[in-house]
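Some notes on the structure that comes next.
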Amino acid sequence: MNATICGLPSPPRLRLARLPTPLEPLDGLSRRLGGPRIWVKRDDLSECAASGNKIRKLEFTIAQALAEGADTLLTCGGLQSNHCRATALLGARLGLGVELVLRGEPHGVPDGNLFLDRLTGAVVHAYPARRYQQALDELLAAHAARLRAAGRRPFVIPTGASDAIGVWGYVAGAAELAEDCARAGIGPAQVVCATGSGGTQAGLTAGLALAGLATEVWGIAVCDDAAWFERKVHADLGAWRARYGIALDVDRLAVRVLDAYIGAGYAQADAAVFDTIGLLAREEGLLLDPVYTGKAFHGMLEEIRAGRFARTGDVVFVHTGGLFGLFAQRAEALAAGVLGAAGAGDVH
Ligand SMILES: Cc1ncc(COP(=O)(O)O)c(C=O)c1O
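Rendered as structure tokens:
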């Protein structure tokens, strides 16, 4: 029998992630807050170093690359891109070349994700932020042309693998989450994730609708504003429906984005986000990163405290990974007081 996802025929897929990931309650924190029971879908456990949300998308993206005969993955992101790091590791695992077009100029010893990119042997092309922002498409096209001229067969993966193909990652992730919820006997009022390029939110929104779960999906924006992400998520869903002939009226799906928690900008976390990161580490032994999950979890807690999310029942946070980004910002974390007022973590 051919594989299906939410009742739809599955496109080519590689099994790369360790699935299903656990769905776990955070009972200590939930008691402390006195609101709904908070659950975490542990997609930070989807692999070891290739962990996080991107591996779910890349199961489909890299399968498509192989179906098209590619031998090199070419993708892009920030210097600390989790997506680029996951692509670099999975490319190495599959014997594919990997080239990364990165935004920003590396200084000093490579840290976090960039260190892992280098460790895998991925070829890194770094550009000043302004040039990257103005010319990303041309840069990718030029590197793809260079690779082709050298006899390679590159497959270009867009930012965050958020496109028609990548949407499948979280449509399948939503089907898994729906099964988790059924097993746990819960029907969460909200499912919350960090939104950086929109693909995770797009897949969750479509997948949970297809799975028949009456839950709101909320994306906490980490960079651009809500209007930008609403357009991006709808565009990815529209492209997915068109490419695969999906009979789901994606234009009618509610795309809910909160942009009040971006702070000073992408990858810039304020003291409140670091407080949340410290709190979760101490109270739950759960690690969040300052770029994505720390901001998103902080936003979710603020919404719960303000009574805008469910006051009782269940809320699910999709932990999309990003741990290595915490190491790259340990100086910022310490300066912001991540260890807490009581001197937690002091060395005696
Ligand atoms: C750790 C982490 N969480 C969340 C996101 C956001 O996911 P998406 O790009 O699908 O919006 C990203 C990447 O952007 C990420 O690296």
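Residue numbers (the working numbering): 44 to 391. Cβ atoms here follow ideal geometry from the backbone N, Cα and C, with glycine treated the same way.
I need the straight-line Cα distance from residue i to residue j, nearest angstrom please.
i, j, result
"A108", "I208", "10 Å"
"H168", "Y213", "29 Å"
"R61", "I98", "10 Å"
"V334", "A245", "20 Å"
"L117", "L323", "35 Å"
"D86", "L57", "17 Å"
"K84", "A192", "44 Å"
"D206", "G242", "7 Å"
"G50", "E222", "14 Å"
"V210", "G78", "32 Å"
"G204", "R75", "In the sequence on display, residue 204 carries Ala and not Gly. If I take the Cα positions, the gap works out to 37 Å."
Can you give me the start and stop residues for the alpha helix (DSSP H) that residue i sits inside?
i, result
"D318", "A314 to E327"
"L157", "G155 to L162"
"Y98", "The sequence shown places Ile at residue 98, not Tyr. That run of the alpha helix (DSSP H) goes K97 to A110."
"H126", "N125 to L137"
"V334", "Unbroken run through V334: none, as it is neither H nor E."
"F272", "A269 to Y287"
"L117", "Premise fails: L117 lies in the beta strand (DSSP E), T115 to G121, not in any alpha helix (DSSP H)."
"Y304", "Here Y304 belongs to no alpha helix (DSSP H), and DSSP marks it neither H nor E."
"L212", "Inspection of the sequence shows that residue 212 is occupied by Gly rather than by Leu. Where G212 is concerned, the enclosing alpha helix (DSSP H) stretches over V210 to A227."
"L59", "Run containing L59: none; DSSP gives neither H nor E here."
"R80", "It is not in any alpha helix (DSSP H) - R80 instead sits in the beta strand (DSSP E) that spans R80 to R85."
"H362", "Segment D357 to H362 is the beta strand (DSSP E) holding H362; no alpha helix (DSSP H) there."
Excluding the 5 residues preceding and the 5 following residue i in the sequence, name in chain order all residues of the same chain whose CB lies nearer than 7 Å to its CB.
i, result
"A92", "L132 and L159"
"G155", "Q123, F367, G368, F370 and A371"
Which same chain residues, not among the five before or five after residue i, have their C-beta less than 8 Å away from its C-beta?
i, result
"A110", "P55"
Report all residues from its chain with a CB closer than 6 Å to the CB of residue i; omit the five preceding and five following residues, and keep chain order.
i, result
"A165", "A131, V141 and L143"
"S73", "R80 and I81"
"A376", "F317"
Would you mind reading off the limits of the beta strand (DSSP E) that contains residue i?
i, result
"L369", "L369 -> not in any beta strand (DSSP E); alpha helix (DSSP H) instead, spanning L366 to A371."
"R74", "Where R74 is concerned, there is no enclosing beta strand (DSSP E), although the alpha helix (DSSP H) it sits in stretches over D70 to L76."
"A237", "Q233 to T238"
"H168", "V166 to Y170"
Check: Does the count of Cβ pairs from the segment 197 to 205 and the segment 169 to 177 closer than 8 Å reach three?
Finding: no
Note to self: With three or more beta-carbon pairs closer than 8 Å as the criterion, would you say the segment 369 to 381 touches the segment 327 to 335?
What the structure shows: yes
Margin query: Measuring CB atoms only, is the segment 307 to 321 touching the segment 269 to 279, in the sense that at least three cross pairs come out at less than 8 Å?
Written below: no
Note to self: I want to know whether the segment 225 to 243 touches the segment 343 to 357 - three or more CB-CB distances under 8 Å.
What the structure shows: yes
Next item on the list: Would you check if the segment 212 to 228 and the segment 245 to 254 touch, i.e. whether three or more CB-CB distances between them fall below 8 Å?
Entry: yes
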